[in-house]
Structure formats: C-alpha cells, structure tokens
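First comes the structure, then the notes that go with it.
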C-alpha cells in the first residue's frame, strides 16, 4: 500500500501514526522491563537479607549449633527462596497469558456460523452434484447467487467463468458449508446438503485455490495436514503425482525442508503443486479448484496443468478459471 499512500498524500500522516504507536509500545516495553528487573532482583535481595538475618541469629546462639547444622540451616533458607524465585516472572507472564487466552476464547465461544442438523444423514454413496434455483447472499446484503442451477455428473468436470463478484467463490463457500443459502436446493449424491454435517461435507471435498495456505513448517508436515497417518511411500506418490517429487528430493533437507511463512521459500508453482500434493493425499471424491494457475509463469503453469489433469481423473470437479489452458480440462462449462 506504499504507492497508494504516497499518491493520496497520506504517507506523512500514516508515518506519524506508526511512530506514535511505536513510541507507545516502546514505553510499555520499558515499563515491563523495569518491573521484571525489580521483581527478579528484589527477590534475590530479600533472599540474601533473610540469609544474613538467619546467620546473625545463629551466630548469636553461640556454640549451641555445630558447624554442619549451621551450614545446613543456611542452605535451607536459600532452598526455600529458590522454590519461589520464579513467581515474579510467572506473575509478569500472567497478564500476557490472560490476554492471549481472552482472544482465543472470544473465538472459541462464538456461535457456529451454520447450525448442524439434529440428525445428520449418512455420507452419500455417489458424488454427483446438483444445484437447483440456488439463491445466496451475505447477511442483509443483496443476493450474490440468484436462481443458479447446475448439474455435474460423478467424475465430470465443470469449468466456471464469470466476472469478479459474480459469485464463483461464493458457490464454493456454499458447497463447503461455510455459508448457508436462502433458498433453492443443493445435493451431493442425492443427499440434500443441509442434511449433512459440516465435517462430512468437508471430508468429501478437497480444495486447491490460488492462495492455499502453507504453514511455516516442513514440507512433510504440510502434507500430513491432509492425511496424518500417511506413510513415506504415500507422501512420495503424492509428490510424484503433483510433479514435485524430483524437486523436493533435490533439496538438501528433502521432505524436512522448511517452506517459510505462507510458503515464501517456495516458488509460486512449487507452492501450488504442494497444495495439489495435499489434494492427492487426501483423495476426496469431490474436487474444487479456484483459479489454480492464476499468476504463474508459462513453465510453472504447464507443470501445474499436468498435475491438474491427473488430479481431476475419476473425481467430480468444479474448476473456476479464466485461463483457456485450464478450461480445456473441463468436460462442460458454465458462465456466471
């Protein structure tokens, strides 16, 4: 956003706000550091003063105590303070922990966006998709999807095109039970979508999107998200199907290579193919592809398209794309 701030003349104001926020944060950190130092050193001071006080009392007692008893009582005093020495630091961390817990529980305590069915239906035995007169909107806003109808036979691929805001991604949100719809009917294998619980629906579907999130951990851990019990052979097969195995094995740490925050240590094509490897590993019968080749160079796009062709086989697929090369993989098309 730097260019926009500069063009709009808002850069000085934004800079001033950042400096003020930084000064406030720095002052708070200094106060916290002073309190932490005072607590730590204060505890040590009290321990030493107590030790000296005990030693003076023992000296005043005269020869009533032997040398070993004298040393033992001194060490006993020090050990007593060692047991509570961590309390000042724990008290300082208490506020941070409570604030973090408050933010977490605010999310945990939110009511679910969609109510689950009281008696969920069993997962369907077949995986064709049918949408009839679907109407969907967000909150009180206008409808994004109006009277949408489509049918995708099991194992077929529907290519979906349309202008930005036409409701392509909203359709995926409905199919994944992230958002509800106002009217119409959505069926998977003849089962009405609302009769299936969200966990079942998302177990049947896998998504490869333009911006699939990769966690800041190893390639192996990112793959195991899709299938926690996958064997080494299965991981290699998924990477091979995604045309990524040779590149991963050529890396010094192989599957243990860290991908960085949001996959920044991988190229765009590698990150996209890693998300496809997860889809191969999950092996869900319904595949939702949202602009999977957008923003890639020609070489990376060709590699991703090859992996897509293998991924689509035998699966019911919805493919959102504006790229002619990707849409050639679709057996039917729909313009929104």
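Residue numbers (the working numbering): 110 to 445. Glycine included, every Cβ here is placed at the ideal spot set by N, Cα and C. As the structure is a prediction and not an experimental result, all values here were calculated from the model.
Nearest residue (CA-CA) to residue 283, options 132, 133, 327, 397: 397
Can you tell me where the beta strand (DSSP E) with residue 296 in it begins and where it stops? 292–297
To which residues of the same chain is residue 375 closer than 6 angstroms at the C-beta, ignoring the five residues directly before and after it? 368
Within 8 angstroms, strictly: CB atoms of residue 389 and residue 355: no
If I follow the unbroken beta strand (DSSP E) through residue 316, where does it start and stop? 314–318
Take the Cβ of residue 360 as the centre, count every other Cβ of all protein chains shown within 10 Å, and call the residue buried at 16 or more, exposed below. exposed
Taking a contact to mean a Cβ-Cβ separation below 8 angstroms, would you say residue 302 touches residue 327 in this structure? no
Ignore the nearest five residues each way along the sequence and tell me which others in residue 330's own chain have a CB closer than 8 angstroms to its CB. 324
Note down the Cα distance separating residue 122 from residue 247, rounded to an integer number of angstroms. 34 angstroms
Only counting the same chain, and skipping five residues up and downstream in sequence, which positions put a Cβ closer than 8 angstroms to that of residue 443? 259, 267, 268, 269, 270
Please list the terminal residues of the continuous beta strand (DSSP E) segment that includes residue 368. Element bounds for residue 368: n/a, residue is neither H nor E.
Out of 276, 257, 287, point me to the one whose CA is closest to residue 293's CA. 257
State yes or no: is the C-beta of residue 335 within less than 8 angstroms of the C-beta of residue 387? yes
Beta carbon of residue 254, beta carbon of residue 239: below 8 angstroms? no
Identify the continuous beta strand (DSSP E) that holds residue 395 and give its terminal residues. 395–399
Tell me where the beta strand (DSSP E) around residue 384 begins and ends. Element bounds for residue 384: not the beta strand (DSSP E) but the alpha helix (DSSP H), 377–391.
Please report the residue range of the beta strand (DSSP E) in which residue 245 lies. 238–246
When burial is assigned at 16 or more other CB atoms within 10 Å of the CB, is residue 150 buried or exposed? exposed
Any idea if residue 214 is buried or exposed, counting beta-carbon neighbours within 10 angstroms, 16 or more meaning buried? exposed
According to the neighbour-count rule (16 or more other Cβ atoms, all chains shown, within 10 Å of its Cβ), is residue 380 buried or exposed? buried
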